[in-house]
Amino acid sequence: MTSETTNPEITAPMAADVRMKASPAALARALGLAWQAGRWHVLAYAILALLEAAVPVAAAWLTKSALDVIAHRASGSSGSSALVAAGAGLAVAGVAAITLPHVSSYLRQELQRRTGRLAQDRLFAGVERLAGLAKFEDPAFLDRMSLAHTSGGAAPSAVVSGTLAVCRGFVTVLGFLGSLLVLSPLLAGAVLVAALPALAAELRLSRQRASMMWRIGPMERRELFYRQLLTSVRAAKELRLFGAGRYFRSRMNAERLAADSERRRLDRRELSVEGGLGLLSGVISGGGLIWALFAAVEGRLTAGDIALLATSIVGVQSALAGLVGEVTMAHQQLLNFDHYLTVTGAGPDLPVPARPVVPPTLRYGIEFRDVWFRYSPEHPWSLRGVSFTIPYGSAVALVGRNGAGKSTLVKLLCRFYDPDRGAILWDGVDLRDLDPAELRDRIGAVFQDYMEYDLTAAENIAIGDVAGRDKPAASAARIEAAARKAGVHDAISALPRGYDTLLTRMFFGPDPEAGVVLSGGQWQRLALARAVLGEGRDLLVLDEPSSGLDAEAEHEIHNRLREHRAGRTSLLISHRLGAVREADVLVVLDDGQVVEQGSHDELITLDGLYRKLFDLQAQGYHPADA
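The following block contains the structure:
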């Protein structure tokens, strides 16, 4: 498999007519997730739903009974006990009608919280299985992830609510339809038939809403980007210096307007459809009540019958409307739940053999053998036939202009991507035959775009050797030792809480001293500490490890790293050629190809690209007339 291969399970084209499925399998998966998250909550919720369904029907019959008793008493008949029983029953029904919805609401919200936690954990476990980086550079995948995160927690509880709404509505409708059948079979049939177009229309609208959410996904992500940019500490200086805030605010508003336009179009369609359905419902209700009044005048219906009929018509229509609303909401969530199932059910994006080879302890070296690579078929080749070796125990430096392919080689070496052609060999074993996680366990690295975690200083370093894969977490002594190697121990010790100081002011708290902001150079030293924390790692990769440091700090760091690298295999990348001149081998890249190899002295003698770049940098340190 090459890096050009896509996973159709995850990546879908960004199309307005994207087709999503609300399959029985998805329904079963959603219900299963809710059951695993809180089976007792589901059972209690189901029992309450059935009780809620019975209350309005019971109240209607009790009302009829009370009215008929009152009418009989008015004509001289006694019936005090029946009247008391009806009144007591109505009181109980009233209490139940008030309290049961609140208890159901609590159970529904608690179930949603539980399913949300479980769904989120499984979603990001699925994301964690993506060993490469290609999917995170795919806009369609990012939109799918956003919808998966929303629907993963909402869909299971919505499906449970929808399923119970069907049961509740079925019980309520049956009860009221039975009442209508006794009074007017024709009216009962008309009310029931009128619900069918409502259900069909609402299901169609739910599909359109799910499709609309997919279409506006890119707009919402861009709006979020502009919103975060306008409140970013890192961007604040430039936005104010260049007066760019209004520009980005207008772009943010434009994305919001575009998304709102899509929402408004569907809302208007829903308004027209539901207005027509409401008119149909009103005609049926009005016609039924007019018939009932004439029947009462003719003596064919009692006052209790009229009350029961009116309540039954409203009850059936309300129950059907609620049922349709819950079902369509669950249907819409189930359509979006397909995104969640796609992400959580997808296999690894990088091929891993059924029985991967355990990476051997490096003894001979790493070989790039005729490596070709591009990020997608639409991109030009980033690497073209690259071949060189990193001997065991040696320091190899990659040198070249911007865009020559240096950082891409590091990504391939860490197996974030696989070569399109050729191979990378670890002591003769192709990296594609290794488990990516096991391989990365043998590599320490500082990337050019290193992370600044909003955690404590100790946690920022400990991330370099987090507990997992049967390894203990880094001890305080190891964290401090790594900080000393990176030359950042003194700076951390001077913080208000030392290694326990939070390195951000992003989180609100009662203690204003709880968070601090480090300089760029200090953050870079923390990244170095992460890289040197792990024990027993065979390879150290340093991609521009001193780009944010001043000359004195850079000199100190390189001396420390030189001591740390002694006897270790290392790969160095730096635009400051003075920082890599002491490497055992320098590999010069140009336009994705190796054009020179050798020691510093050999390449100076060769008088090629390296000599040209070195002399250009050296000129900056000499007087113009020298």
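Under the UniProt record's numbering, the very last position in the sequence shown is 626; numbers go up by exactly one each time. For each residue, glycine too, the CB sits at the ideal point set by N, CA and C.
The three-state reading of DSSP puts Val410 in helix, counting H, G and I together.
With contacts defined by Cβ atoms closer than 8 Å, Val585 and Gln593 do not form a contacting pair. Bounds of the alpha helix (DSSP H) holding Arg440 are Pro436 to Arg440.
In terms of CA proximity to Asp500, Leu455 leads the group Glu535, Leu455 and Phe124.
In terms of Cβ geometry, Gly153 and Thr115 form a close pair [threshold 8 Å]. Spatial neighbours of Trp426 in its own chain (CB-CB distance under 8 Å, excluding positions within 5 residues in sequence) are listed in chain order as Pro359, Pro360, Leu362, Ile366, Leu434 and Leu439.
Annotation: the continuous alpha helix (DSSP H) that includes Phe614 extends over Leu609 to Gln619.
With a cut-off of 8 Å on Cβ pairs, the region 446-461 is in contact with the region 515-526, counting three or more such pairs. Going by DSSP, Ser387 is part of no alpha helix (DSSP H) but of the beta strand (DSSP E) stretching over Leu383 to Pro391. Here the C-alpha atom of Asp143 lies approximately 44 Å from the C-alpha atom of Gly578. Put simply, the region 380-395 touches the region 403-415. At least three CB pairs are less than 8 Å apart.
Exclusion of the five residues before and after Arg227 leaves Met252 as the residues of its chain whose Cβ lies within less than 8 Å of its Cβ. Residue environment analysis places Leu503 among the buried positions, since at least 16 neighbouring C-beta atoms fall within 10 angstroms of its C-beta. Under the three-state reduction of DSSP, Val429 is assigned to strand.
At a Cβ-Cβ threshold of 8 Å, Ser570 and Leu540 count as neighbours. By the Cβ neighbour-count rule, Phe136 is exposed, with fewer than 16 other Cβ atoms within 10 Å of its own. Per DSSP, Thr605 is one residue of the alpha helix (DSSP H) stretching across His600 to Leu606.
In the DSSP annotation of this structure, Ile492 is not part of any beta strand (DSSP E); the continuous alpha helix (DSSP H) holding it starts and ends at His489 to Ser493.
With contacts defined as CB atoms closer than 8 Å, Arg369 and Gly422 qualify as a contacting pair. Here Ala88 is exposed: its Cβ has fewer than 16 other Cβ atoms, across all protein chains shown, within 10 Å. In the three-state reduction of the DSSP assignment, Val358 falls in the coil class, being assigned neither a helical nor a strand state. Within the same chain, Cβ atoms closer than 7 Å to the Cβ of Met213 are found at Leu147 and Asn336, the five residues on either side in sequence being excluded. Judged by DSSP in its simplified three-state form, Glu378 adopts coil rather than helix or strand.
Around the C-beta of Val466, fewer than 16 other C-beta atoms lie within 10 Å, and the residue is accordingly described as exposed.
In the three-state scheme derived from DSSP, where H, G and I count as helix and E and B as strand, Leu398 is classed as strand. Looking only at Arg122, Val127 and Leu51, the smallest Cα-Cα distance to Ala96 is reached by Leu51. In the structure shown, Asp590 adopts extended strand secondary structure according to DSSP, grouped into three states. Looking at the DSSP output, Gly515 shares a beta bridge with Leu502.
The shortest C-alpha to C-alpha distance from Gly94 to any of Pro56, Arg268 and Glu602 is the one to Pro56.
A direct Cα-to-Cα measurement between Gly487 and Pro156 gives close to 51 Å. The straight-line gap separating the alpha-carbon atoms of Trp35 and Arg265 is approximately 37 Å. Linking Arg207 to Leu350 through their CA atoms gives a straight-line distance of about 33 Å. Residue state for Gln208 is assigned as helix, using DSSP reduced to three classes. The C-beta of Asn460 has 16 or more other C-beta atoms within 10 Å across all chains shown, which makes the residue buried.
Partner residues in a beta bridge of Arg108, as assigned by DSSP, do not exist. Scanning Ser151, Glu326, Ile216 and Trp40 for the CA closest to the CA of Arg168 turns up Glu326.
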